[in-house]
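Residue numbers (this note's numbering): 17 to 128.
Just so it is clear, CB atoms sit at the ideal spot from N, CA and C, and this is done for glycine as well.
Given the structure is predicted, the values throughout are model-derived calculations rather than measurements.
Working notes for the structure below.
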């Protein structure tokens, strides 16, 4: 799963970067392409407490992640590129980052 998370992290990071740097506003289509991977990550995260943290904190993290997913779905339905960017890069990317080796990610070839 680590490799899938790393790949998803890089995909969302790149989509966010092209949105901000190059003003490419096609993030709706780009996110739609990776929705199966997003769903797989969310289901994986929700199935158990991966960190062994306090139950209350884990449940709060689960609720927050579900709210992020809700924002992504709403943004896709409404073609709201700003909400989608925010939910993906400021929400989901943070969760993916918890399971991503950022040193390895930084050393990979940057496609942006």
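| Asked | Found |
| --- | --- |
| Whole-Å CB distance - residue 88 paired with residue 47, under 8 Å assumed | 7 Å |
| Residue 17 in three-state terms, based on DSSP | coil |
| Pairwise C-alpha distance: residue 43 and residue 32 | 8 Å |
| Alpha helix (DSSP H) runs contained entirely in the stretch 50-109, provided each spans 4 or more residues | 51-63, 71-94, 97-101 |
| Residue 111, DSSP secondary structure in three states | helix |
| Residue 38, buried or exposed, once every other Cβ within 10 Å from all chains shown has been counted against 16 | exposed |
| Beta-carbon gap between residue 3 and residue 111 smaller than 7 Å | Because the chain here runs from 17 to 128, residue 3 falls outside it and cannot be looked at. |
| Spatial neighbours of residue 68 in its chain, beta-carbon cut-off 6 Å, leaving aside the 5 residues before and after | none |
| Simplified DSSP assignment, three categories, for residue 117 | coil |
| Length of the line joining the Cα atoms of residue 105 and residue 71 | 26 Å |
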